[in-house]
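Novice:
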Amino acid sequence: MTEAGEVKRPGLINALFPSVVSGIVLGVIGAVVAGVIVNAATKGLNQDATVAAAYTGWTLFFFVGIGAFNGVLKWGFARREATPAEELQLAGKGQGIWRYFRYTTDHKVVGMQYLATVFVLFFVGSMGAFMIRLEQSTPGAIFFTPSTYNTIVGMHGILMIATTIIMVSGPFGNFILPIMIGARDMAFPRLNALSYWLLFAAIPVFLSMLALGGFQTGWTGYAPLAVQGLTPGMDAYCFLILIFAVSTTLAAMNILTTVIVMRTKGMTWGRLPVFVWGVVLSVILSLTAFPSFIVSQIMVLMDRIFQTSFFIAAYGGNNWLYEHLFWFMGHPEVYVISLPAMAVAAEVAAVFTRKAVFGYRFLVSGLVGISVLSVIVWGHHLYLSGSENALVAPFMLDTELISIPTGIFFLVLIGMFWRGKIWVTVPLLFVGGMLVNFVIGGISGIYLADLPTDEILHGGMFVVAHFHFVIPGSMVFGFFAGLYYWFPKMVGRRLDSTLGRLHFWLFEIGFLGTFTALFQAGLQGEPRWSANIAPPFATANLIASLFAILIAASVFVFIYNVIYTLVRGERAVANEWGGKTLEWTVPTPVPLENFEELPVVTSLPYDYGSPLPEPVTPAADIASAVIEAPIQPQGEV
Amino acid sequence: METSLEHVHELEPHIKVARARAGVLMLILSDALAALAILAAGGYLRTLNTEGQYKVAGDFAPAYLPGLLIAIALVLSGLAYYWWERRASKPGGAGQTPFFLLALVLMLVAGVSETWIGASLRYGMPIQAYESVQLLLPWFTAVHLLLAVFIGLLLGGRILRGRLAGHEFIVEVVGYWWYYTVVASVLLWLFGVYLT
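Protein chains in written order, with my numbering: chain A, 1 to 637; chain B, 1 to 196.
1) At a CB distance below 7 Å, what residues from the region 15 to 41 of chain B approach chain A? Give them in sequence order.
2) Can you pull the DSSP bridge partners for arginine 493(A)?
3) Which word fits valine 109(A), buried or exposed, when buried means at least 16 other C-beta atoms lie within 10 angstroms of its C-beta?
4) Going by C-alpha to C-alpha distance, which of Ile298(A), Ser374(A), Arg493(A) and Glu597(A) sits closest to alanine 35(B)?
5) Is there a Cβ from chain B that is less than 9 Å from the Cβ of phenylalanine 438(A)?
6) Report the neighbours of tryptophan 75(A) on chain B: residues whose CB is nearer than 7 Å to its CB, in chain order.
7) Would you please state the rounded distance, in angstroms, between the beta carbons of valine 274(A) and isoleucine 255(A)? I believe it to be under 8 Å.
8) Output yes if chain B places a C-beta closer than 9 Å to the C-beta of tryptophan 320(A); else output no.
9) Name, please, each residue of chain A whose Cβ falls closer than 8 Å to the Cβ of alanine 88(B).
10) By the 10 Å Cβ neighbour count, where 16 or more other Cβ atoms means buried, how is serine 120(B) classified, buried or exposed?
11) Check the DSSP bridge columns for proline 527(A) and list the partner residues they point to.
12) Does methionine 1(A) get closer than 9 Å to chain B when you measure Cβ to Cβ?
13) Excluding sequence positions up to five away, which residues of its chain have a Cβ less than 6 Å from the Cβ of asparagine 150(A)?
14) Against methionine 302(A), what residues of chain B qualify as contacts under a CB-to-CB distance less than 8 Å, listed in chain order?
15) Give me, in chain order, the residues of the same chain whose beta-carbon lies closer than 6 Å to that of arginine 102(A); leave out the 5 immediate sequence neighbours on both sides.
16) By a C-beta neighbour count over all protein chains shown, 10 Å radius and 16 as the cutoff for buried, is methionine 125(B) buried or exposed?
17) Would phenylalanine 311(A) and alanine 393(A) qualify as a contact pair, given that the criterion is a beta-carbon distance under 9 Å?
18) Nearest to glycine 23(A) by alpha carbon, out of Pro332(A), Ile543(A), Phe63(A) and Asp607(A)?
19) If you pair each beta-carbon of the region 495 to 512 of chain A with each one of the region 559 to 567 of chain A, do three or more pairs fall below 8 Å?
20) Does the pairing of the region 331 to 347 of chain A with the region 167 to 183 of chain B give three or more beta-carbon distances under 8 Å?
21) Are three or more beta carbon pairs between the region 76 to 83 of chain B and the region 52 to 62 of chain B nearer than 8 Å?
22) Terminal residues of the continuous alpha helix (DSSP H) containing leucine 45(B)?
23) Please state the DSSP three-state secondary structure of tryptophan 577(A).
24) For glycine 157(B), which residues in chain A fall below 7 Å Cβ to Cβ?
25) Would you say proline 13(B) reaches chain A, if we count a Cβ-Cβ gap shorter than 9 Å as a contact?
26) Taking just the CA atoms, how far does threonine 104(A) sit from valine 616(A)?
27) Which ranges would you report for the alpha helix (DSSP H) in the region 532 to 572 of chain A if only whole runs of at least 4 residues count?
28) Taking 9 Å as the threshold (beta carbon to beta carbon), is tyrosine 44(B) in contact with chain A?
29) Decide yes or no for the touch test of the region 510 to 517 of chain A against the region 538 to 555 of chain A: beta carbon pairs closer than 8 Å, at least 3 of them.
30) For serine 444(A), tell me which candidate among Val424(A), Asp235(A) and Phe467(A) has the shortest Cα-Cα distance.
31) Answer yes or no: does any C-beta atom of chain B fall closer than 9 Å to that of glutamine 47(A)?
32) To the nearest angstrom, how far is the alpha carbon of threonine 425(A) from that of valine 25(A)?
33) The alpha helix (DSSP H) spanning lysine 43(A) covers which residue range?
34) Using the rule of at least 16 other Cβ atoms within 10 Å of the residue's Cβ for burial, across every protein chain shown, is valine 626(A) buried or exposed?
Written out as structure tokens, the structure is:
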């Protein structure tokens with residue numbers, strides 16, 4: 001332990017440089033300069049090269065401006081190592097709210113940055129969804145041209161996929177996970193900041209798609225259409241994926257290293273909380289699956305800029321290459337999203353049924369089984385692309401096998417509810433909603449895994465309804481379960497329970513109505529990717545659009561709840577729910593390095609038959625907070 | 001959110017070593033999978049030979065000799081690094097700095113040469129699938145070699161400042177990336193030769 005000494009309070013110039021302000025200023029200058037140079041070098045004949053150069057300039061100079069390279073250069077060329085005071089400054093010590101706008105290394109700051117970003121991205125993405133439902137509420141074009149509609153669908157898709165990938169691992173994986181394993185920070189704090197700010201740098205690239213003519217491929221970015229598309233909005237899509245994939249890969253490396261190396265004494269692999277297992281397995285999948293996606297987007301960019309032919313059949317390329325590279329990421333990516341959310345559900349269920357995780361090892365084995373199987377099932381997305389018939393049966397079998405470990409997850413959760421002392425809180429409501437929606441999403445998936453039924457349903461609204469039941473219906477519900485559960489620890493205030501219940505019921509009823517109607521539209525034969533619906537599908541689509549109003553209402557109720565809580569919400573106590581995992585043993589708000597003395601773990605954190613844990617931080621207010629933590633806070637009774 | 005703690009806890013040395021090892025090995029795993037995806041893509045296109053257009057008359061690969069010389073330079077760079085690392089990675093060991101400099105210079109020469117190869121491939125547009133793969137291989141390799149040079153420069157900075165003492169594990173983990181770069185680059189070159 002080293003005394004930090006005095007932390008210098010930064011002046012205005014020091015506060016702004018480096019910060020997100022200087023990052024944006026330098027990034028814009030870098031984008032313009034790089035774009036102008038390449039435009040001049042190509043005599044204005046290669047728009048894609050100009051756009052790619054501008055995005056490269058933006059990304060590099062944004063990071064110069066925000067100070068991401070300072071630490072790297074000092075690591076190599078400075079005369080001495082960083083002092084504790086400098087480390088504290090970098091971790092945001094004494095910088096108030098401004099630390100959220102700087103290259104701050106504290107894992108809790110990064111977690112909050114992710115959380116705020118997830119909120120904004122979800123809001124933008126859900127607004128895209130409402131535009132889609134509005135356009136599809138009656139037959140014929142209402143507001144958008146087919147091209148604009150396709151762009152909105154594509155942007156909604158890629159934005160929501162990206163957001164759901166980070167929604168649990170980003171905020172909770174950064175804020176909660178290190179505390180859960182008894183660590184003072186992530187293994188690589190600077191890398192942690194880098195992974196967040198890469199995500200931030202991708203947002204202007206995403207928004208620029210609209211200004212650059214959009215893209216017509218949908219979220220999958222299928223080549224050769226991606227190569228043949230004339231608007232540079234497609235370049236924006238490729239860059240978005242590249243930046244996002246690098247961000248996710250760095251975050252995955254960091255989380256995995258943290259869990260491997262930074263666990264406190266006694267926190268063996270067999271005692272890891274289920275949430276940690278879920279995140280670890282998810283990031284292992286990210287590390288495995290994302291490289292092929294990165295390579296696919298590099299190839300698309302090369303095809304667009306240098307006129308190579310990876311995907312152009314006339315010159316020896318092939319569309320199957322893209323489909324394989326894409327879906328090798330695309331299907332595991334569903335589990336990158338699912339595993340942490342499922343683990344959150346198990347964690348929350350244990351606390352609110354006051355029972356140990358039923359079959360802990362069984363559950364972890366199930367999650368491992370899902371991870372392993374998920375990397376060998378991508379071929380079921382190519383059933384109707386003309387792939388080799390001999391491959392169909394193995395891919396069909398693999399895909400159906402996944403239902404076994406997934407079934408274990410359901411059994412475990414039901415086992416926890418069985419004879420548990422069920423405490424119906426908002427987090428538990430979302431777990432319940434997740435189970436209902438996941439059953440529907442999972443069973444409808446079996447029809448798509450089987451070739452005979454997939455031949456009929458493929459490319460239709462049935463698929464849209466299926467994956468919405470799986471991702472938003474199940475995993476976003478899991479995210480909300482985690483959010484209501486950990487929000488008091490992260491923010492120090494308790495989300496309003498009544499508004500939370502209203503949020504849940506509006507969301508669940510709206511969701512079931514919207515996507516059950518789209519199942520019906522799919523069974524009637526409505527295709528996806530159709531800007532204007534045909535009259536036979538009008539009723540189902542109108543019902544879907546009407547129910548979507550409830551989802552919209554739920555979004556605004558949630559936003560109101562968050563704002564209300566931040567302004568006037570009740571202050572949370574250290575152990576809000578009587579949880580046994582380590583994050584509930586530290587004070588709220590959590591100190592900079594989490595633990596004064598690192599805790600020693602002696603058992604699994606789910607022994608709800610025993611008294612509440614002793615606090616590991618000796619501060620008096622914390623001790624009283626833990627002891628006084630109500631088993632059922634008044635707002636929840 | 002108020003965060004108050006007046007001191008900073010330093011990580012135990014064995015944790016610093018373990019996290020550096022784990023981090024670099026994961027970076028290598030992720031990058032190796034990207035390289036594998038490129039190899040798989042090249043092999044797949046070759047096998048499919050779509051419409052008989054994968055490789056047509058007049059298609060050419062980068063010249064063999066420059067690639068061979070770069071491969072030799074890379075192997076020598078790896079050996080020089082290994083020679084330096086043998087002593088430098090031991091506690092208090094200084095190593096023989098000329099070997100490190102030799103490794104760095106060879107890596108730099110290889111990186112610049114690979115960039116030159118990529119830039120000098122004057123393929124007529126549109127570029128056939130075979131030539132597309134042949135264009136991707138040197139550029140992918142060049143980026144890696146130049147990244148290794150950048151890491152080498154940072155390490156060189158620490159050597160010049162005398163900041164390796166007590167951080168000998170850095171020599172070891174940079175070595176992981178160094179050797180990986182050498183092996184991956186040589187394999188990618190051999191793959192290009194195989195496609196020819």
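Just so it is clear, CB atoms sit at the ideal spot from N, CA and C, and this is done for glycine as well.
Quantities reported herein were computed from a predicted structural model and do not represent experimental measurements.
Specialist: The relevant details are as follows:
1) Ile15, Ala18, Arg19, Ala22, Gly23, Met26, Leu27, Leu29, Ser30, Leu33, Ala34, Ala37, Ile38 and Ala41
2) Arg571(A)
3) buried
4) Ile298(A)
5) no
6) Leu154
7) Not really, about 15 Å apart at Cβ, beyond 8 Å.
8) yes
9) Within 8 Å Cβ-Cβ: nothing; alanine 88(B) doesn't reach chain A, min ~16 Å.
10) exposed
11) Gly460(A)
12) Reliability fails at methionine 1(A), whose pLDDT of 44 lies under 50, so the model's placement of it is uncertain and the value that follows must be treated cautiously. Output row for methionine 1(A): interface = yes.
13) Gln216
14) Ser132, Leu135 and Leu136
15) Ser19
16) exposed
17) no
18) Phe63(A)
19) yes
20) no
21) no
22) 13 to 48
23) coil
24) Gly76 and Phe77
25) no
26) Caution applies to valine 616(A), whose pLDDT of 49 falls short of 50 and renders its modelled position unreliable; the value that the coordinates give is listed next. Whole-angstrom Cα-Cα distance: 26 Å.
27) 538 to 568
28) yes
29) yes
30) Phe467(A)
31) no
32) 45 Å
33) That residue, lysine 43(A), is in no alpha helix (DSSP H); it is neither H nor E in DSSP.
34) Bear in mind that the predicted position of valine 626(A) carries a pLDDT of just 37, short of 50, making it unreliable; the figure below should be weighed with that in mind. Label assigned to valine 626(A): buried.
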